[in-house]
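FYI, in this note's numbering the residues of the sequence shown are -5 to 286.
Where a beta carbon is used, it is the ideal one built from N, C-alpha and C, also for glycine.
These figures come from a predicted structure and were not determined experimentally.
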Amino acid sequence: MKKTLILAVLLTFFTSIFAFDFEYEYENNTLAYTILTDSTVSVAASANKPTGALIIPDSVEYNELKYAVTEVAEYGFDGELDITSINLPVTIRTIHRRAFSNLTQNNLNITLNEGLEVIGSGAFRNSIGIVGAIMIPYSVSNIGDFAFDNCTGISMFLFQGDAILDVCNLSAFDGTGAMVLKDNIYYLAISDSEAIAIKPEDEDAIVGELKFPDTIIKDAKTLKITSILGNYSFDKLSHMTALILPKYLRRIGKNAFRDNLLLENIAFNEIYQTYVEAQAYTQTDEQFKNDD
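1. What residue from K176, L256 and G123 has the CA that sits closest to I77's CA?
2. With DSSP collapsed to three states, give me the class of T9.
3. My parser needs the beta strand (DSSP E) runs of 3 or more residues fully inside the segment 205 to 259; what are they?
4. Ignoring anything shorter than 3 residues or poking outside the segment 14 to 70, list the beta strand (DSSP E) runs there in chain order.
5. What residue range is occupied by the uninterrupted alpha helix (DSSP H) comprising L106?
6. Can you give me the Cβ contacts of N101 inside the same chain, cut-off strictly under 6 Å, excluding the 5 residues immediately before and after it?
7. Does the Cβ of G138 have 16 or more other Cβ atoms within 10 Å, making it buried, or fewer, making it exposed?
8. Hey, would you say D143 sits closer than 8 Å to G116, going by beta carbons?
9. Mapping DSSP to helix, strand and coil, what is L159?
10. Please classify I89: is it buried, with 16 or more other beta-carbons within 10 angstroms of its beta-carbon, or exposed?
11. Assign G46 to one of two classes, buried (16 or more other C-beta atoms within 10 Å of its C-beta) or exposed (fewer than that).
12. Please go through the same chain and pick out, in chain order, the residues whose beta-carbon is closer than 6 Å to the beta-carbon of N136, but skip the five residues on each side of it.
13. Is the segment 69 to 76 in contact with the segment 38 to 58, if contact means three or more CB pairs nearer than 8 Å?
14. May I ask which residues mark the beginning and end of the beta strand (DSSP E) holding G126?
15. Taking just the CA atoms, how far does N178 sit from I192?
16. Grouping DSSP H, G and I as helix and E and B as strand, with all else coil, what is A166?
17. Throw me the rounded Cβ distance for the G202 and A236 pair, which I believe falls under 8 Å.
18. The beta strand (DSSP E) spanning T78 covers which residue range?
19. In angstroms, rounded to a whole number, what distance separates the CA positions of A13 and V37?
20. Compute the distance between the beta-carbons of I49 and Y20, then report whether it is under 8 Å.
21. Can you tell me where the beta strand (DSSP E) with V174 in it begins and where it stops?
22. Let me make sure I understand the geometry here. Which of F16, A157, D168 and S232 has the alpha-carbon closest to that of G224?
23. Quick one: give me the first and last residue of the beta strand (DSSP E) that S149 is part of.
24. When you compare only the Cα positions, how much space is there between D15 and Y69?
25. Can you tell me whether DSSP reads A93 as helix, strand or coil?
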């Protein structure tokens, strides 16, 4: 009885994921579409496996109605190994969970579209075939946990805007080729000359003074530390009493140092005297507003 129930649950789960309303051929690939609203659909691979360049159309027609393609479905292209590149239309707003995970073919190129808002949990997880730099459009407002986990071929992430520092999940870039670990802190390469601090490897190992380096080395290149990720990246460090910021720092994400109750001293750099205006930490805001 228990085995039958488990099988029924699994069948319902996978049926809900892979169900679709119609198929549509475009640029030599037939893809599957699920109607979301009267005017929008999500896209996924069909039984006719996509090959070569995957070019997703901005709109499709079905029963004499036109639909904008606005989402890539959960597990939509998971493990599709015959794709050589991915081109998303400007209409895509959401890439759902595991949409492009487990793409392991070599030298896979992907371009994220302007207008994209959400990159879901594990969206590209284990896609070791993706190589080079990935541009994160200005429009992106959320990157889920483990979104690019184990994408070892990605060398850097180019952010068009700073707002993503406030909403990006701390595990989004785990295991990517863009990550560097130095003195218990993870950093992410965001250009050939800059990096951002992401999170500590071991929070309990931070005792007393936390001093960020001014630069790190990645692939024989010197990267300046210019930003610190927000979203509680260095919050509740129960043993930290002092903080020294890197001299090239320009931006700290919101709530980066929230609720560090023992924090007594912060060394500001000349570039970042307006640190507290970013609301990077609470509890001690008033104490440091007028410090030199």
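If we stick to the structure as given:
1. As a first step, residue 77 must be located in the sequence shown, where it is residue number 83. Considering only alpha carbons, the answer is G123.
2. In the sequence shown, the residue the question calls residue 9 occupies position 15. Bear in mind that the predicted position of T9 carries a pLDDT of just 43, short of 50, making it unreliable; the figure below should be weighed with that in mind. In the structure shown, T9 sits in a helix (DSSP, three-state: H, G or I).
3. 209 to 212, 215 to 222 and 234 to 238
4. 16 to 20, 23 to 29, 34 to 39, 46 to 49, 53 to 56 and 59 to 66
5. For this step, residue 106 is matched to residue 112 along the sequence shown. Taken as a continuous stretch (DSSP letters only), L106 belongs to no alpha helix (DSSP H), as it is neither H nor E.
6. Here residue 101 refers to the residue found at position 107 when the sequence shown is read from its first residue. Correct list, in chain order: V125.
7. Start at 1 with the first residue of the sequence shown, and residue 138 comes out as number 144. Per the 10 Å Cβ criterion, buried.
8. As a working mapping, residue 143 is identified with position 149 in the sequence shown. As a working mapping, residue 116 is identified with position 122 in the sequence shown. In this structure, G116 lies closer than 8 Å to D143 by Cβ.
9. Working through the sequence shown from its first residue, we reach residue 159 at position 165. Helix.
10. On the sequence shown, residue 89 is found 95 positions in, with the first residue counted as 1. Buried, because 16 or more other Cβ atoms sit within 10 Å of the Cβ of I89.
11. Looking up residue 46 in the sequence shown gives position 52. Answer is exposed; the Cβ neighbour count stays below 16.
12. Reading the sequence shown from its first residue, position 142 is the one you call residue 136. The answer, listed in chain order, is V112 and V161.
13. yes
14. On the sequence shown, residue 126 is found 132 positions in, with the first residue counted as 1. Residues G126 to I130.
15. For this step, residue 192 is matched to residue 198 along the sequence shown. For this step, residue 178 is matched to residue 184 along the sequence shown. Cα to Cα, I192 sits roughly 11 Å from N178.
16. The residue labelled residue 166 in the question sits at position 172 within the sequence shown. A166: coil per DSSP, three-state reduction.
17. Here residue 202 is taken as the residue at index 208 of the sequence shown, counted from 1. Here residue 236 is taken as the residue at index 242 of the sequence shown, counted from 1. At roughly 7 Å, the Cβ-Cβ gap stays under 8 Å, so G202 and A236 are in contact.
18. If you number the sequence shown from 1, residue 78 lands on position 84. Taken as a continuous stretch (DSSP letters only), the beta strand (DSSP E) holding T78 covers I77 to N81.
19. Taking the sequence shown and counting its residues from 1, the one referred to as residue 13 is at position 19. Taking the sequence shown and counting its residues from 1, the one referred to as residue 37 is at position 43. Computed Cα separation, rounded: 11 Å.
20. Taking the sequence shown and counting its residues from 1, one reaches residue 49 at position 55. Taking the sequence shown and counting its residues from 1, one reaches residue 20 at position 26. Cβ distance < 8 Å, so I49 and Y20 count as in contact.
21. Sequence index remark: in the sequence shown, residue 174 carries index 180 (1-based). Run containing V174: M173 to K176, per the beta strand (DSSP E) assignment.
22. Translated into the one-based positions of the sequence shown, residue 224 becomes position 230. Minimum Cα distance to G224 is reached at A157.
23. Reading the sequence shown from its first residue, position 155 is the one you call residue 149. Per DSSP, S149 belongs to the beta strand (DSSP E) from I148 to F153.
24. For the purposes of this step, residue 15 is taken as the residue at position 21 of the sequence shown. For the purposes of this step, residue 69 is taken as the residue at position 75 of the sequence shown. C-alpha separation (whole angstroms): 16 Å.
25. Here residue 93 is taken as the residue at index 99 of the sequence shown, counted from 1. A93: coil per DSSP, three-state reduction.
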